[in-house]
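Quick notes on the structure that follows.
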Amino acid sequence: MNDQQQMIQETVSRILRDHCSKEVVDAAEAGNWAAGLWQNLEDNGLTLAGIPEANGGIGGDYADSLLVLREAAGFAAPLPLAETLIAAHLLALAGEQVPMGPLTLATGDFSLKQEGQGFRLTGYASEVAFLPWAQVLLVPVAGGQPALCRLNPTDITATTRHNMAGEPRSDITVDTVLAAEAVSAMPVDPLTLCMNMGAAARAVQMTGALTSVLNLSVQYAMERTQFGKAISGFQAIQHQLATLACEVAACQRAADALMTSPEALSALDLAVAKARIGEAVSLVTDIAHQVHGAMGYTMEHSLNLRTRRLWCWRDEYQREAHWEAEIGKLVVAGGADNLWNLITTAS
Amino acid sequence: MFQGLQFEPVSLPDHAEALRSEVREFIERELPPDYLRNSDFNTGVSAEFSQKLGAKGWIGMTWPKEYGGHGRSFLERYVVTEELLAAGAPVFAHWIADRQSGAQLLKFGTEQQRQTYLPRIARGECYFSIGMSEPDSGSDLASIRTSATRVEGGWLVNGSKIWSSGAHQNHFMITLVRTEPPSANRHAGMSQFMIDLKSPNITIQGIKNLSGESDFNQVFFDDVFVPDEMVIGEPGNGWEQVVSELGYERSGPERFLSAFRVMVEFVREVGDNPTEAQVALIGRLTAHLITLRRMSVSVAAMLESGKTPVTEAALIKELGNSYERMVPELIRQLVPGRTSLRFRQTLEECILHAPSFTLRGGTREILRGVIARGLGLR
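Chains as they are written, first to last, in this note's numbering: chain A, 390 to 736; chain B, 660 to 1037.
Following this line, the structure appears as structure tokens:
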């Protein structure tokens, strides 16, 4: 980690430790935007970490953005940090200034056609994150001339629900004419880039949450007394937690490879991370909840703030099966005798 | 953060990657093209191959040149070992001597021991077995009963060791013995002896494993004389020495590559037209393998910087062994209708060896205990 990253990690942790209490997360789940927490992070430049200064950010690269996400996920911060950072990267890539405030994006099936002085954007997307709280919605369009569209969330027909983590997710249908200045040409396919950055973000967020789940589980096992001793003293519990720790260590190592710029990130490293980390969620949450007993199954205990997010994040930006297939296709295309070479060239 | 859970991101340096090409060329030249061993480290024994590796400078790589070593890094050693394993090269003759016995001599041995034995090991001529477990002391190593009593100029050893792989072929066994009777401190009073397996009064009895191979042994000591110059380190320091050995023993690529050949042959079998389920399984297993390999490289870097990564090593072994056991179990479900004899043999050999993966070098239960200690639970 460089100095800036060290500072980012420390500042995010400090702010979240002080301001991201369970009450704040619960309130967000009840529909109240965590304005104070957002403002605090934004004032410290952290909502635009890794975004070039020329575009309004604090400089650095996507690794810095991911670091914010990993730390914030450990505290279950109920904010569109991933969405904002990805949107900001796309805007910077388009040469645009990044606005302040929470942003989000819709990855779906969209098409864009010139109409008069502007463009008509049509299409739909599901599971758009945090739409009710976002100030700008970005829609990356892949077909034809790759473009990035900026929309006002209040102009959009949306059906919003809360996902398992109690975060807003919206299905949207769009058929609207945008002014020319709301559409930017993109030098690369923004949809693929967005999907990849999203997968990297979720993988890193899962790692942050998984690490936090390990810490909570170990702490709980040492505090909880049954049969006259702390349950951490029982071999059955020790072995469960050892298994949990193995998974978390593997996830951390898989996520390390993502800590680079999206341009430098290999398709294989990304797929390995999202597949491996996503797979770990099942075993880790199983063990963590078992160790926590019925206490961990209550809304009151903060374990569920992490585990419910993990159950959502593993599905977003494609499930393990998708990424496993991506890896499998690479292996099969290379053939049996190239498998070893493929493995040794994966960073 | 917990002790032993930090696997720092490390990439292999360019010179290590350059070495990789050299190893691959060597393997291609030295092994027949239809060479079919599994990638399990203790399946193939060839003194000739070990000596060729020694001549290349690929045994004792990290040891100082004055002892016949090559002053190279643990990361370079890592590359050599993983290339040999992946190819299923017959490496078992020198494997333990190179991996841990030599390191023990280097760390705890006398100057004379280092000068006498390390160059021979590095040349691929001198092979070692491990003498830790006993019939009544499997995982509970502190309960060993093989004892040594002081005599003129050395010690007399009585007792027996079990599961000592290759003892029937190897030259020496680093043997953990009680040099003092058991006391309140269970870990006190043990010592490591380097016992010449051709000494009088030693009986080596092969034990067939369930696949019919005689790889491991029970070794009986009946008043075996061990001269003082064959004691490793300080008498009484045996426990500490054994523990330090385990970082080497547990963290290497042999702890997750034992089933690699099954994967390779499975990819060959599914060919150009795999089902979706086959593709996804190949992808899943590859994701696990790549991750494990990165963790193991991280530990190689820790060894390079002089650390003793006991918990990390246990963690890799536990995770890697679970993976090795998962590979044949998942692949067998998706085997194509028509397969080659070669594929079936590879798969079956792996299934037959699989129970040993989570036993040798520390059982799953012991490893989980070590990890739990790292978590502060015990």
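C-beta: ideal position from N, C-alpha, C; glycine also.
Please check the pair LEU951 of chain B and LEU978 of chain B, which I expect to be a contact at CB under 8 Å, by giving their CB distance rounded to whole angstroms. By 1-based counting over the second sequence, the position of residue 951 of chain B is 292. By 1-based counting over the second sequence, the position of residue 978 of chain B is 319. Between LEU978 of chain B and LEU951 of chain B the Cβ distance is about 6 Å, and since that is below 8 Å, they are a contact.
Reference GLY825 of chain B, options B:THR838, B:TRP754 and B:SER955, closest by Cα: Position 166 of the second sequence, counted from the first residue, corresponds to residue 825 of chain B. Of the listed residues, the one whose Cα sits closest to GLY825 of chain B is B:TRP754.
Does DSSP put ILE718 of chain B in a helix, a strand or coil? By 1-based counting over the second sequence, the position of residue 718 of chain B is 59. Three-state DSSP puts ILE718 of chain B in coil, outside helix and strand.
Which runs of the alpha helix (DSSP H) at least 4 residues long sit entirely within the segment 651-713 of chain A? Give them in chain order. 656-685 and 692-702
Taking the beta carbon of VAL810 of chain B as the centre, do at least 16 other beta carbons fall within 10 Å, making it buried, or is it exposed? For this step, residue 810 of chain B is matched to residue 151 along the second sequence. By the 10 Å Cβ count, VAL810 of chain B comes out exposed.
Can you tell me where the beta strand (DSSP E) with ALA574 of chain A in it begins and where it stops? Along the first sequence, read from residue 1 onward, the residue named residue 574 of chain A stands at position 185. Where ALA574 of chain A is concerned, the enclosing beta strand (DSSP E) stretches over 572-574.
Report all residues from its chain with a CB closer than 8 Å to the CB of GLY895 of chain B; omit the five preceding and five following residues, and keep chain order. As a working mapping, residue 895 of chain B is identified with position 236 in the second sequence. Correct list, in chain order: THR838, GLU839, ALA847, GLY848, MET849 and SER850.
Can the beta-carbon of LEU647 of chain A be found less than 8 Å from the beta-carbon of ALA662 of chain A? Within the first sequence, the letter at position 258 stands for residue 647 of chain A. Within the first sequence, the letter at position 273 stands for residue 662 of chain A. Yes. Within cutoff.
When DSSP builds the beta bridges, which residues end up paired with ILE1010 of chain B? On the second sequence, residue 1010 of chain B is found 351 positions in, with the first residue counted as 1. Note: ILE1010 of chain B sits in no beta bridge, so no partner.
Decide if LEU869 of chain B is buried, meaning its Cβ has at least 16 other Cβ atoms within 10 Å, or exposed. Looking up residue 869 of chain B in the second sequence gives position 210. It is exposed - the Cβ of LEU869 of chain B has fewer than 16 other Cβ atoms within 10 Å.
Taking 6 Å as the limit between beta carbons, can you name the residues of its chain near VAL739 of chain B, skipping five residues before and five after? As a working mapping, residue 739 of chain B is identified with position 80 in the second sequence. Answer for VAL739 of chain B: VAL682 and TRP717, listed in chain order.
Note down, in chain order, every chain A residue with its Cβ under 8 Å from the Cβ of GLU935 of chain B. The residue given as residue 935 of chain B occupies position 276 in the second sequence. Within chain A, the residues near GLU935 of chain B are ALA714.
Taking C-beta to C-beta, are LEU664 of chain B and ALA725 of chain A nearer than 8 Å? By one-based count along the second sequence, residue 664 of chain B stands at place 5. By one-based count along the first sequence, residue 725 of chain A stands at place 336. No, the pair does not count as a contact, with Cβ atoms beyond the cut-off.
Please confirm whether GLU713 of chain A and GLY930 of chain B have their CB atoms less than 8 Å apart. Within the first sequence, numbered from 1, the residue matching residue 713 of chain A stands at position 324. Within the second sequence, numbered from 1, the residue matching residue 930 of chain B stands at position 271. No, they are not a contact pair.
Would you report the Cα separation of SER691 of chain A and ALA638 of chain A, rounded to the nearest angstrom? Taking the first sequence and counting its residues from 1, one reaches residue 691 of chain A at position 302. Taking the first sequence and counting its residues from 1, one reaches residue 638 of chain A at position 249. If I take the Cα positions, the gap works out to 22 Å.
What's the gap between the Cα of MET575 of chain A and the Cα of LYS502 of chain A? As a first step, residue 575 of chain A is located in the first sequence; it is residue number 186 there, counting from the start. As a first step, residue 502 of chain A is located in the first sequence; it is residue number 113 there, counting from the start. Each residue's Cα considered, the two are about 15 Å apart.
Closer than 8 Å is the cut-off here; do at least three beta carbon pairs connect the segment 1021-1031 of chain B with the segment 670-687 of chain A? no
With 8 Å as the threshold, decide whether the Cβ of LEU630 of chain A is near any Cβ in chain B. In the first sequence, the residue the question calls residue 630 of chain A occupies position 241. At least one chain B Cβ lies under 8 Å of LEU630 of chain A.
When you compare the CB positions of ALA781 of chain B and GLY713 of chain B, do they come within less than 8 Å of one another, or not? Here the question's residue 781 of chain B lines up with position 122 in the second sequence. Here the question's residue 713 of chain B lines up with position 54 in the second sequence. Yes, Cβ-Cβ distance for ALA781 of chain B and GLY713 of chain B is below 8 Å.
Span separating the alpha-carbon of VAL401 of chain A from that of THR970 of chain B: Translated into positions along the first sequence, residue 401 of chain A becomes position 12. Translated into positions along the second sequence, residue 970 of chain B becomes position 311. Whole-angstrom Cα-Cα distance: 29 Å.
When you compare the CB positions of LEU492 of chain A and PHE499 of chain A, do they come within less than 8 Å of one another, or not? Numbered from its first residue, the first sequence carries residue 492 of chain A at position 103. Numbered from its first residue, the first sequence carries residue 499 of chain A at position 110. No, these two residues do not count as a Cβ contact at 8 Å.
Please classify GLN877 of chain B: does DSSP put it in a helix, a strand, or coil? Counting from one through the second sequence, the residue named residue 877 of chain B turns up at place 218. Strand at GLN877 of chain B.
CA-CA distance, ALA746 of chain B and ASP699 of chain B? Within the second sequence, numbered from 1, the residue matching residue 746 of chain B stands at position 87. Within the second sequence, numbered from 1, the residue matching residue 699 of chain B stands at position 40. C-alpha separation (whole angstroms): 10 Å.
Decide yes or no for the touch test of the segment 593-611 of chain A against the segment 537-552 of chain A: beta carbon pairs closer than 8 Å, at least 3 of them. no
So, at 6 Å on beta carbons, what are the nonlocal neighbours of SER788 of chain B in its own chain, with the 5 sequence-adjacent residues on each side left out? As a first step, residue 788 of chain B must be located in the second sequence, where it is residue number 129. Once the five neighbours on either side are set aside, the close Cβ partners of SER788 of chain B are SER823, GLY825, ALA826, ASN829 and MET832.
Taking three-plus beta-carbon pairs below 8 Å as touching, is the segment 565-585 of chain A in contact with the segment 532-546 of chain A? yes
Determine, using beta carbons only, whether ALA972 of chain B comes closer than 8 Å to chain A. Your numbering for residue 972 of chain B matches position 313 in the second sequence. Cβ-Cβ to chain A under 8 Å: no for ALA972 of chain B.
Could you check the C-alpha separation between GLU709 of chain A and VAL720 of chain A for me, to the nearest Å? On the first sequence, residue 709 of chain A is found 320 positions in, with the first residue counted as 1. On the first sequence, residue 720 of chain A is found 331 positions in, with the first residue counted as 1. Using only the alpha carbons, I get a separation of about 16 Å.
On the three-pair Cβ rule with 8 Å, is the segment 398-418 of chain A touching the segment 452-460 of chain A? yes
Chain A residues whose Cβ lies nearer than 8 Å to that of PRO668 of chain B: Position 9 of the second sequence, counted from the first residue, corresponds to residue 668 of chain B. Correct list: ARG642, ASP645, ALA646 and MET648.
Please decide whether ARG550 of chain A counts as near chain B, where near means a Cβ-Cβ distance under 8 Å. Taking the first sequence and counting its residues from 1, the one referred to as residue 550 of chain A is at position 161. Chain B contact via Cβ: absent.
Buried versus exposed, by CB contacts within 10 Å (16 or more), GLN506 of chain A: Along the first sequence, read from residue 1 onward, the residue named residue 506 of chain A stands at position 117. Classification of GLN506 of chain A: exposed, given that the 10 Å Cβ count is below 16.
Measure the Cβ-Cβ separation of ILE561 of chain A and ALA514 of chain A and say whether it is below 8 Å. On the first sequence, residue 561 of chain A is found 172 positions in, with the first residue counted as 1. On the first sequence, residue 514 of chain A is found 125 positions in, with the first residue counted as 1. It is a contact, given that the beta carbons lie within the stated cut-off.
For LEU1000 of chain B, count neighbouring Cβ atoms within 10 angstroms of its own Cβ and tell me buried if that reaches 16, exposed if not. Against the second sequence, residue 1000 of chain B aligns to sequence position 341. Burial call: exposed.
Please specify which runs of the alpha helix (DSSP H), each continuous and at least 4 residues long, are wholly inside the segment 595-645 of chain A, giving them in chain order. 624-645
Can you give, in chain order, each stretch of the alpha helix (DSSP H) that sits fully within the segment 410-486 of chain A and has at least 4 residues? 411-418, 424-432, 451-463 and 470-482
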